[in-house]
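Visitor: Just passing along the structure, written as structure tokens.
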DNA sequence: TGGTGTTGTAGTAATAATTCGACTTTAACC
DNA sequence: GGTTAAAGTCGAATTATTACTACAACACCA
């Protein structure tokens, strides 16, 4: 509705990613506002796929995922902006303007974080995944498969308490709060 | 490799769903073997998308998800077969043969289950989701967002123990064993 | 060569989650 | 209207998980 209110704007809608791709084949667009909880299509890959079809399109990702966790992978994948679904109309308008003016839009926190990561990259290790030890990664993977602390302990011969310690470390390092977030995080940062 | 061993077979590979779709635009294929853990593209939607491009293609879904939980959605979406990634070469060959001969391939357990569901459908309710009460669905959704039993209890004014009871009921009804499976299940059976 | 940080490991106490049984309410069906 | 099944609720007992602490092993580096 906000977009349609813009004079001379032609707005198209697609109910899922496949339909969006079909539209992208037929018309050249200036801006794509994309909901990453769409039924079809995977998250970061969608940005790349769209870029492949239309290299110059502006992409504003709109998502209900927690920003501080998930904005970065999208921006890195080539999105021009990332806005939370819970944002106000004003924020949305501002995001659209930014993007249309060739700027990257994201919340200050996210931009800061991005800045830090880009400049902190002392050559290589910029992914928080790299900061996980081998064992932490192993346990993280088992966690995302749905195994319980106890099961993992049995599996790799550790006390449940040790597994739990690893788990907290992993959560802390990646900044996630529960297994769902961990799973999404690992999916996005494959 | 198994497919390439077939005389006269022309085998194409795609590293992700987008690339697969591109190939499907350029050539007509007899059989598509598709890995549903591909980086791009969502699960059940991929089957539908492929069918849209090539209505007569035979689709064999290959996945590491637990069969009894996840085969059905794919078959319902129009796949011609579902095989586990852990299957033996012989099983795989058999699956391919079945599918090429116009038969549906799935493990006996899955077929049975499918049979039951089709004939048990006393008119309408064939989705296990329908067997969840409104409150169970509400709690299931909150669970897939990563909320803890306690948090949910607070949120909807129930004792943690009641929430936990709902949780077990949900798990039991859907046949899942942990939150990860619940999430995947709900994703697939949107 | 000693300080400092990271990883790997658990025990213990506190907290959270599950199971189970009991009970009430609602719905459904001869 | 009585009977039964399902849904909804919780408390108490049990079990699982976490938070906190501690400590050994190793690496790094100054």
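Residue numbers (our numbering), protein chains in the order written: chain E, 1 to 190; chain W, 1001 to 1190. All C-beta atoms, glycine included, are put in the ideal place defined by N, C-alpha and C.
1. So, is the C-beta of residue 180 (chain E) closer than 7 Å to a C-beta in chain W?
2. Beta-carbon of residue 28 (chain E) versus every beta-carbon of chain W: anything under 7 Å?
3. Please classify residue 59 (chain E) as buried or exposed, where buried requires at least 16 other C-beta atoms within 10 Å of its C-beta.
4. In the DSSP output, what is residue 1035 (chain W) paired with across the bridge?
5. In chain order, what residues of the same chain lie with their CB nearer than 6 Å to the CB of residue 51 (chain E), ignoring the 5 residues before and after it?
6. Under 7 Å, Cβ to Cβ, is there at least one residue of chain W near residue 81 (chain E)?
7. When the Cα atoms are used, what is the spatial distance from residue 111 (chain E) to residue 1104 (chain W)?
8. Name, please, each residue of chain E whose Cβ falls closer than 7 Å to the Cβ of residue 1145 (chain W).
9. Exposed or buried, which one is residue 1074 (chain W) when buried takes at least 16 other CB atoms within 10 Å?
10. What are the boundary residues of the alpha helix (DSSP H) that includes residue 152 (chain E)?
11. Can a CB atom of chain E be found closer than 7 Å to the CB of residue 1140 (chain W)?
12. Where does residue 81 (chain E) sit, in a helix, a strand or coil, going by DSSP?
13. Going along the chain, which residues of the segment 162 to 188 of chain E sit with their C-beta nearer than 8 Å to a C-beta in chain W?
14. Is it buried or exposed, residue 1134 (chain W), if we count other Cβ atoms within 10 angstroms and call 16 or more buried?
15. Is there a Cβ from chain E that is less than 7 Å from the Cβ of residue 1018 (chain W)?
16. Tell me residue 105 (chain E)'s beta-bridge partners as DSSP assigns them.
17. Quick one: what's got a C-beta closer than 8 Å to residue 1002 (chain W)'s C-beta in the same chain, skipping five residues either side?
18. Roughly how many whole angstroms lie between the Cα atoms of residue 1007 (chain W) and residue 21 (chain E)?
19. Once DSSP output is grouped into helix, strand and coil, what is the label at residue 1178 (chain W)?
20. Give every residue of the same chain whose Cβ lies closer than 6 Å to the Cβ of residue 83 (chain E), excluding the five residues on either side of it in the sequence, and list them in chain order.
21. Can you tell me where the alpha helix (DSSP H) with residue 1022 (chain W) in it begins and where it stops?
22. With DSSP collapsed to three states, give me the class of residue 45 (chain E).
23. Alpha carbon to alpha carbon, what distance is there between residue 176 (chain E) and residue 1048 (chain W)?
24. Can you tell me whether residue 88 (chain E) is helix, strand or coil according to DSSP?
25. Do residue 1163 (chain W) and residue 1149 (chain W) have their C-beta atoms within less than 7 Å of each other?
26. Skipping 5 residues on each side, what residues in its chain have a beta carbon closer than 6 Å to that of residue 1183 (chain W)?
27. Between residue 9 (chain E) and residue 76 (chain E), what straight-line distance do the alpha-carbon atoms span, to the nearest angstrom?
28. Please classify residue 1001 (chain W): does DSSP put it in a helix, a strand, or coil?
29. On the DSSP letters alone, give me the boundaries of the alpha helix (DSSP H) that residue 132 (chain E) sits inside.
Guide: In short, the structure shows the following:
1. The residue labelled residue 180 (chain E) in the question sits at position 180 within the first chain. Chain W, which has a Cβ nearer than 7 Å to the Cβ of residue 180 (chain E), makes this yes.
2. Residue 28 (chain E) sits at position 28 when you count from the first residue of the first chain. No, no contact with chain W.
3. The residue you call residue 59 (chain E) lines up with position 59 of the first chain. Buried, by the Cβ-count rule.
4. Taking the second chain and counting its residues from 1, one reaches residue 1035 (chain W) at position 35. Residue pairing for residue 1035 (chain W): DSSP places it in a beta bridge opposite W:1062.
5. Numbered from its first residue, the first chain carries residue 51 (chain E) at position 51. Result list for residue 51 (chain E): 78, in chain order.
6. For the purposes of this step, residue 81 (chain E) is taken as residue 81 along the first chain, with counting starting at 1. Not closer than 7 Å to any Cβ of chain W, the Cβ of residue 81 (chain E) fails to qualify, so no.
7. For the purposes of this step, residue 111 (chain E) is taken as the residue at position 111 of the first chain. For the purposes of this step, residue 1104 (chain W) is taken as the residue at position 104 of the second chain. Looking at the two C-alpha atoms, the distance is approximately 51 Å.
8. The residue given as residue 1145 (chain W) occupies position 145 in the second chain. Those within 7 Å of residue 1145 (chain W) in chain E are 180.
9. Stepping through the second chain from its first residue, residue 1074 (chain W) is reached at position 74. Here residue 1074 (chain W) is buried: its Cβ has 16 or more other Cβ atoms, across all protein chains shown, within 10 Å.
10. Residue numbering aside, residue 152 (chain E) sits at position 152 when the first chain is read from its first letter. Where residue 152 (chain E) is concerned, the enclosing alpha helix (DSSP H) stretches over 149 to 156.
11. In the second chain, the residue the question calls residue 1140 (chain W) occupies position 140. Answer no: the Cβ-Cβ gap between residue 1140 (chain W) and chain E never drops below 7 Å.
12. Taking the first residue of the first chain as position 1, residue 81 (chain E) is located at position 81. In the structure shown, residue 81 (chain E) sits in a strand (DSSP, three-state: E or B).
13. 177, 178, 179, 180, 181, 183
14. In the second chain, counting from the first residue as 1, residue 1134 (chain W) sits at position 134. So residue 1134 (chain W) ends up on the exposed side.
15. Numbered from its first residue, the second chain carries residue 1018 (chain W) at position 18. Taking Cβ atoms only, chain E reaches closer than 7 Å to residue 1018 (chain W), which makes this a yes.
16. Working through the first chain from its first residue, we reach residue 105 (chain E) at position 105. In DSSP, residue 105 (chain E) forms a bridge with E:81.
17. Walking along the second chain from the start, residue 1002 (chain W) turns up at place 2. Sequence-distant Cβ neighbours of residue 1002 (chain W) in its own chain, meaning closer than 8 Å and more than five residues away, are 1089, 1092, 1093, 1096.
18. Residue 1007 (chain W) sits at position 7 when you count from the first residue of the second chain. Residue 21 (chain E) sits at position 21 when you count from the first residue of the first chain. Taking the straight line joining both Cα atoms gives about 36 Å.
19. One-based indexing of the second chain puts residue 1178 (chain W) at position 178. DSSP places residue 1178 (chain W) in the coil class of the three-state scheme, outside both helix and strand.
20. The residue you call residue 83 (chain E) lines up with position 83 of the first chain. Closer than 6 Å at Cβ, skipping near neighbours: 62, 95.
21. On the second chain, residue 1022 (chain W) is found 22 positions in, with the first residue counted as 1. Its alpha helix (DSSP H) spans residues 1017 to 1026.
22. The sequence position of residue 45 (chain E) within the first chain is 45, counting from 1. It is helical.
23. Position 48 of the second chain, counting from 1, holds the residue named residue 1048 (chain W). Position 176 of the first chain, counting from 1, holds the residue named residue 176 (chain E). Those two C-alpha atoms are separated by around 33 Å.
24. For this step, residue 88 (chain E) is matched to residue 88 along the first chain. Collapsing the DSSP output to three states places residue 88 (chain E) in coil.
25. Translated into positions along the second chain, residue 1163 (chain W) becomes position 163. Translated into positions along the second chain, residue 1149 (chain W) becomes position 149. Contact flag set, yes.
26. As a position in the second chain, residue 1183 (chain W) is number 183, starting the count at 1. Closer than 6 Å at Cβ, skipping near neighbours: 1144.
27. For the purposes of this step, residue 9 (chain E) is taken as residue 9 along the first chain, with counting starting at 1. For the purposes of this step, residue 76 (chain E) is taken as residue 76 along the first chain, with counting starting at 1. Approximately 28 Å between the Cα atoms of the pair.
28. Sequence index remark: in the second chain, residue 1001 (chain W) carries index 1 (1-based). Correct three-state label for residue 1001 (chain W): coil.
29. On the first chain, position 132 is the one that residue 132 (chain E) refers to. Element bounds for residue 132 (chain E): n/a, residue is neither H nor E.
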